[in-house]
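Chains as they are written, first to last, in my numbering: chain A, 12 to 602; chain B, 12 to 602. Every residue gets a Cβ at the ideal spot worked out from N, C-alpha and C, and that includes glycine. Presented below is the structure to which this report refers.
Protein chains: 2
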Amino acid sequence: MSEYHAPVKEMLFVLRHVAGLDAVSRLPGYEDVTPDLVESVLTEAALLATNVIAPTNRIGDAVGTRVEDGQVIVPPEFTSAYREFTGGGWAGLSQNPDFGGQGLPYLVGVAVEEMWQAANLAWSLGPLLTQGAARAIEAHGSEAQRALYLPRMVAGEWSGTMNLTEPQAGSDLAAVRSQAVPDGDRYRITGQKIFITWGDHDMTANVVHLVLARLPDAPPGTRGLSLFLVPKFIPQADGKPGARNSVHVVSVEHKLGIHGSPTCVMAFEGAVGELMGGKNQGLACMFTMMNHARLGVGMEGIAIAERAYQQARAYARERVQGRVPGIEGRAAIIHHGDVRRMLLTMKAQIEAMRGVACIAAASLDHAHRATDPAERARHQARVDLLTPVVKGWCTETGQQLTSVGLQVHGGMGYVEETGAAQHFRDGRITTIYEGTTGIQAADLVGRKILGDGGAALQALVADMTATLPELERAGEPLAVLHSALQEGIESVVAAGRWLAANHARHPGVAGGISWNLLMLLGTVAGGWVMARAALAAQAQLAAGTSDVAFCEAKLLTARFHATQVMPVATAWRRGIEAGCEALLALPEEQF
Amino acid sequence: MSEYHAPVKEMLFVLRHVAGLDAVSRLPGYEDVTPDLVESVLTEAALLATNVIAPTNRIGDAVGTRVEDGQVIVPPEFTSAYREFTGGGWAGLSQNPDFGGQGLPYLVGVAVEEMWQAANLAWSLGPLLTQGAARAIEAHGSEAQRALYLPRMVAGEWSGTMNLTEPQAGSDLAAVRSQAVPDGDRYRITGQKIFITWGDHDMTANVVHLVLARLPDAPPGTRGLSLFLVPKFIPQADGKPGARNSVHVVSVEHKLGIHGSPTCVMAFEGAVGELMGGKNQGLACMFTMMNHARLGVGMEGIAIAERAYQQARAYARERVQGRVPGIEGRAAIIHHGDVRRMLLTMKAQIEAMRGVACIAAASLDHAHRATDPAERARHQARVDLLTPVVKGWCTETGQQLTSVGLQVHGGMGYVEETGAAQHFRDGRITTIYEGTTGIQAADLVGRKILGDGGAALQALVADMTATLPELERAGEPLAVLHSALQEGIESVVAAGRWLAANHARHPGVAGGISWNLLMLLGTVAGGWVMARAALAAQAQLAAGTSDVAFCEAKLLTARFHATQVMPVATAWRRGIEAGCEALLALPEEQF
Numbered sequence: 012m013s014e015y016h017a018p019v020k021e022m023l024f025v026l027r028h029v030a031g032l033d034a035v036s037r038l039p040g041y042e043d044v045t046p047d048l049v050e051s052v053l054t055e056a057a058l059l060a061t062n063v064i065a066p067t068n069r070i071g072d073a074v075g076t077r078v079e080d081g082q083v084i085v086p087p088e089f090t091s092a093y094r095e096f097t098g099g100g101w102a103g104l105s106q107n108p109d110f111g112g113q114g115l116p117y118l119v120g121v122a123v124e125e126m127w128q129a130a131n132l133a134w135s136l137g138p139l140l141t142q143g144a145a146r147a148i149e150a151h152g153s154e155a156q157r158a159l160y161l162p163r164m165v166a167g168e169w170s171g172t173m174n175l176t177e178p179q180a181g182s183d184l185a186a187v188r189s190q191a192v193p194d195g196d197r198y199r200i201t202g203q204k205i206f207i208t209w210g211d212h213d214m215t216a217n218v219v220h221l222v223l224a225r226l227p228d229a230p231p232g233t234r235g236l237s238l239f240l241v242p243k244f245i246p247q248a249d250g251k252p253g254a255r256n257s258v259h260v261v262s263v264e265h266k267l268g269i270h271g272s273p274t275c276v277m278a279f280e281g282a283v284g285e286l287m288g289g290k291n292q293g294l295a296c297m298f299t300m301m302n303h304a305r306l307g308v309g310m311e312g313i314a315i316a317e318r319a320y321q322q323a324r325a326y327a328r329e330r331v332q333g334r335v336p337g338i339e340g341r342a343a344i345i346h347h348g349d350v351r352r353m354l355l356t357m358k359a360q361i362e363a364m365r366g367v368a369c370i371a372a373a374s375l376d377h378a379h380r381a382t383d384p385a386e387r388a389r390h391q392a393r394v395d396l397l398t399p400v401v402k403g404w405c406t407e408t409g410q411q412l413t414s415v416g417l418q419v420h421g422g423m424g425y426v427e428e429t430g431a432a433q434h435f436r437d438g439r440i441t442t443i444y445e446g447t448t449g450i451q452a453a454d455l456v457g458r459k460i461l462g463d464g465g466a467a468l469q470a471l472v473a474d475m476t477a478t479l480p481e482l483e484r485a486g487e488p489l490a491v492l493h494s495a496l497q498e499g500i501e502s503v504v505a506a507g508r509w510l511a512a513n514h515a516r517h518p519g520v521a522g523g524i525s526w527n528l529l530m531l532l533g534t535v536a537g538g539w540v541m542a543r544a545a546l547a548a549q550a551q552l553a554a555g556t557s558d559v560a561f562c563e564a565k566l567l568t569a570r571f572h573a574t575q576v577m578p579v580a581t582a583w584r585r586g587i588e589a590g591c592e593a594l595l596a597l598p599e600e601q602f
Numbered sequence: 012m013s014e015y016h017a018p019v020k021e022m023l024f025v026l027r028h029v030a031g032l033d034a035v036s037r038l039p040g041y042e043d044v045t046p047d048l049v050e051s052v053l054t055e056a057a058l059l060a061t062n063v064i065a066p067t068n069r070i071g072d073a074v075g076t077r078v079e080d081g082q083v084i085v086p087p088e089f090t091s092a093y094r095e096f097t098g099g100g101w102a103g104l105s106q107n108p109d110f111g112g113q114g115l116p117y118l119v120g121v122a123v124e125e126m127w128q129a130a131n132l133a134w135s136l137g138p139l140l141t142q143g144a145a146r147a148i149e150a151h152g153s154e155a156q157r158a159l160y161l162p163r164m165v166a167g168e169w170s171g172t173m174n175l176t177e178p179q180a181g182s183d184l185a186a187v188r189s190q191a192v193p194d195g196d197r198y199r200i201t202g203q204k205i206f207i208t209w210g211d212h213d214m215t216a217n218v219v220h221l222v223l224a225r226l227p228d229a230p231p232g233t234r235g236l237s238l239f240l241v242p243k244f245i246p247q248a249d250g251k252p253g254a255r256n257s258v259h260v261v262s263v264e265h266k267l268g269i270h271g272s273p274t275c276v277m278a279f280e281g282a283v284g285e286l287m288g289g290k291n292q293g294l295a296c297m298f299t300m301m302n303h304a305r306l307g308v309g310m311e312g313i314a315i316a317e318r319a320y321q322q323a324r325a326y327a328r329e330r331v332q333g334r335v336p337g338i339e340g341r342a343a344i345i346h347h348g349d350v351r352r353m354l355l356t357m358k359a360q361i362e363a364m365r366g367v368a369c370i371a372a373a374s375l376d377h378a379h380r381a382t383d384p385a386e387r388a389r390h391q392a393r394v395d396l397l398t399p400v401v402k403g404w405c406t407e408t409g410q411q412l413t414s415v416g417l418q419v420h421g422g423m424g425y426v427e428e429t430g431a432a433q434h435f436r437d438g439r440i441t442t443i444y445e446g447t448t449g450i451q452a453a454d455l456v457g458r459k460i461l462g463d464g465g466a467a468l469q470a471l472v473a474d475m476t477a478t479l480p481e482l483e484r485a486g487e488p489l490a491v492l493h494s495a496l497q498e499g500i501e502s503v504v505a506a507g508r509w510l511a512a513n514h515a516r517h518p519g520v521a522g523g524i525s526w527n528l529l530m531l532l533g534t535v536a537g538g539w540v541m542a543r544a545a546l547a548a549q550a551q552l553a554a555g556t557s558d559v560a561f562c563e564a565k566l567l568t569a570r571f572h573a574t575q576v577m578p579v580a581t582a583w584r585r586g587i588e589a590g591c592e593a594l595l596a597l598p599e600e601q602f
């Protein structure tokens, strides 16, 4: 019912004019990543997303997955789409060429990733986790492990999973109980894991589980967690899948959305596993995968909002209701002021989020490839700071926007056949998995701001502040962007100052204001992105671009963002500065 | 899985100290509505809601409704609950005793209504529409129509519906095409209606449809709509249901939520109907029902948020994750700062919304019963102003809060068996039916503010302003409430001034800012309510109340509201004052 067309032109604009594709292209190994190459990659991916993957979205929702003879069965359409995806080399797009990857920058990778996610969020989780697991193996695996697993996972022949959660251990991984007992040069893993995304399925020849468990002599808490590689089929000497390992799916969850993604309860019953990374180093190893997945889930917030936006926009152009002065006869609802407000709220925030996420991805490229170690460290700090923001803010905003998209449809939005409700249901998971927004906010405030004495935050503030004089020079047309960004930056600075001055007063303070701070930082970073985009659009107009309409629309969208979205930043700042006395004082029984 | 307990103490507090139960009790006919009587009514209703209706909520979601042999079948548990409900005289609680009602004030009626809605939203829609239809018949029906239909509908023996929407006529009723042709002293109605809530079912002996249709000589547009009473079974001379009328259910919609409420496509094929009210007066007649239903749907936003809140609170008290300084061992998540923020966000906004809705209900009582015509008019203007606010703001906020409730559950919230997702799905309809939020916002700005030159808005502003000196006298403990309310009132005044000065500039201006204005007015009215509640709590503490904990919690909740919720009012004001130039200028093809 609803089609999806990847916004290639917009993505290219963001990559080039907001996220600094040119600078990424100057990194060693990326010299041939020209704008033309990127455009052709995005265009080709868009075709696959539109023609092959998007049509499976509704099928996955309606049919879902099931367990049959101890094996998860996914819709056959998913498997066909996956074959075309891996056949085209898309699985390892930004993976290491040494293991069969295409070696493109992360910056290009996230743009393409957004397409798969928008086309079919449930389906896209399989590849997302597989590539995250591959990165963890590349970073922490032994040479033998890398040689055995990486080529197959980078190619997408085998898939990967992340086995962390147990019934008593969700956000709190210190409570993990699964056990690993040495058995020769390997281990036997026993325990139950829940909420395992794509924990089992019939789409690939093997499933490689990364499992957090405890060695017999391990210390308590997170310092006693080790990471194990547990394949569904134990590879033979020739690397082909061999004997069935004793890890099995118990059931799949009946969920609000992403029905096409099997969320599994997994039973490990003395399953054969290999230790990866050092003993008791499991959490650090897992974080390689988790950080990758967090950026990926942040992209999901953007992707599902984009899909919902496209559907709402198409409906608003088609649906005729009421009259609008200046339009003959009854008008399409896209001409009604309040419908325009809803659509522009979606468009502006999607563009702002995409820009921030792409800036994080570009920094990841610099962190990996820059020749200067100081430059690498500077970018790594930016990635660390922005990861919880992209994950938390983009998913919170993205799922709100799916609700706006549904609203544009009126009563039809509430009827499942329309498809708007599926995006609303699917998107709702994104603020939860890979660490809830509360966990992201705690990470932001605790590790990423207080943890380095505010250095990474100050560096971001300095970069944002550097855009102000440019906006000033741009004059009246961008004056509202200038004042909104200036006020936004002041709010970020004030909030950081308040946190530094007050967090030690009470152990609950940081947690009490962390969500506000995360949303504030995301919103203001979004305003910065929109300002940079507006500056680029203005420059192109001045240079006589042939795409006047696109650049003028960019300016109007940035204006809308500055006047209608940015004022809320001040509200969050004030919430922070008011402290959280009331919140901490309310007795449990009075809730 | 999730229980519901009506917050009787809180409701009584709001009725007495925010909404002015005493003043309502002084109205003619309500002299015996003492606080004790109200408490016993609420307590009894709470028992029915908890023990009889709430247990059907999940059943309705899982089983849904179906069409069998041209008849809608609802879960049998719904019918049993309905029998207890009507048997106890609850159907006509605030209806006219002349027709069998209990004659209690609206103010008591809405509090009790919230309980049925929270207990089972889908189920509660049946009684809501029936009583709305009864009010329309009482206001516009002939003596014979009232005598025939009212006693049965007030008792809940027969149910009522509202047949407005057609495929091409949703928000735009001017496009209604259904025809009514005279046939003796009656009419034959032909047409198709969609989205008819409880359009057919097996819970009552008859279903009375109020149908908008056009007479052969009717003018085009809404001025050519007439209202017809079309019973499923044509009453015999003795009033018993007789011959089957030719109105039939075609299908029920497959919806995101409220699965237990049959949303019907209805076919009228020369169905026998009676004209109600004058020819071409249909819209005015229907508005009697619609305004009643709009207040009711506003209550639904509050009710579903309350239900979601109770479930999230229970989970947060039970679920143990992580550690919190000052608590031994692993802590229940209610002790984590961000979880407290989520719960208090729900609690504070629910209390604010309930207060505003109850103020509207009390005004409805004064509008109907006050002896002084000027007093009646003054209160009617308040009801008219607040109806779109209660409908729009309470449902927008309520559905956001169901999302917060789901979030408190983490991954468990996304699993359907937990029940949190049902509230999220159920609540999502409330911003759509009985007029979308966009329609409410247009009504507020067009009819209710510009329509009377801002008089009703100014009267509300004056009443809110009168609370400021009281807050000032209350001193430091309420200082943050004073400044928040003062700033909020200034925002409302400024927004009203901007609207008056700018709406004529461009026909799209009012629509472009209307949603912001609706949310602004709701939020500030909520701040006013919380301030009044805090003043009452402070007074009770000073007077040596025995319920110190409750009153202190009220003060903390009001503080949280003033510091964490109210700042957004300024953001909305600034959005309005920035105008909607960008929104109106963006070409359709650039969305």
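Please state whether the Cβ-Cβ distance between residue i and residue j is less than 9 Å.
| i | j | result |
| --- | --- | --- |
| I606/B | H390/B | Missing from the structure shown is residue 606/B; chain B here goes from 12 to 602 and no further. |
| M353/B | A144/B | no |
| P252/A | H212/A | no |
| L159/A | G111/A | no |
| F279/A | V222/A | yes |
| G181/A | G99/B | no |
| M364/B | V308/B | no |
| L412/A | A319/A | yes |
If you run the structure through DSSP and keep just helix, strand and coil, what is residue i?
| i | result |
| --- | --- |
| S36/B | helix |
| R197/A | strand |
| Q82/B | strand |
| R225/B | strand |
| R234/A | helix |
| Q601/A | helix |
| I207/B | strand |
| S262/A | strand |
| P330/A | Per the sequence shown, residue 330/A should be read as Arg rather than Pro. Correct three-state label for R330/A: coil. |
| V25/B | helix |
Could you round the C-beta distance between residue i and residue j to whole angstroms and report it? I think they count as a contact, below 8 Å.
| i | j | result |
| --- | --- | --- |
| A569/A | A542/A | 7 Å |
Is there a Cβ from chain C that is less than 9 Å from the Cβ of residue i?
| i | result |
| --- | --- |
| K266/B | Of the chains in the structure shown, none is chain C; the protein chains are A and B. |
**Request:** Could you please tell me which residues of the segment 325-346 of chain A, in chain order, have their CB closer than 9 Å to any CB of chain B?
**Result:** A327, R328, R330, V331, Q332, G333, R334, V335, P336, G337, R341, A343, I344, I345 and H346
**Request:** Can you check the segment 479-552 of chain A for any alpha helix (DSSP H) of at least 4 residues that lies completely inside it and give the ranges in chain order?
**Result:** 490-513
**Asked** Listed in chain order, which residues of the segment 211-244 of chain A have Cβ atoms closer than 8 Å to some Cβ of chain B?
**Response** none
**Request:** With a floor of 4 residues, list each alpha helix (DSSP H) that falls wholly inside the segment 89-174 of chain A, ordered by position along the chain.
**Result:** 117-130, 132-151 and 154-165
**Request:** Note down, one range per segment and in chain order, each alpha helix (DSSP H) of at least 4 residues found wholly within the segment 320-381 of chain A.
**Result:** 348-380
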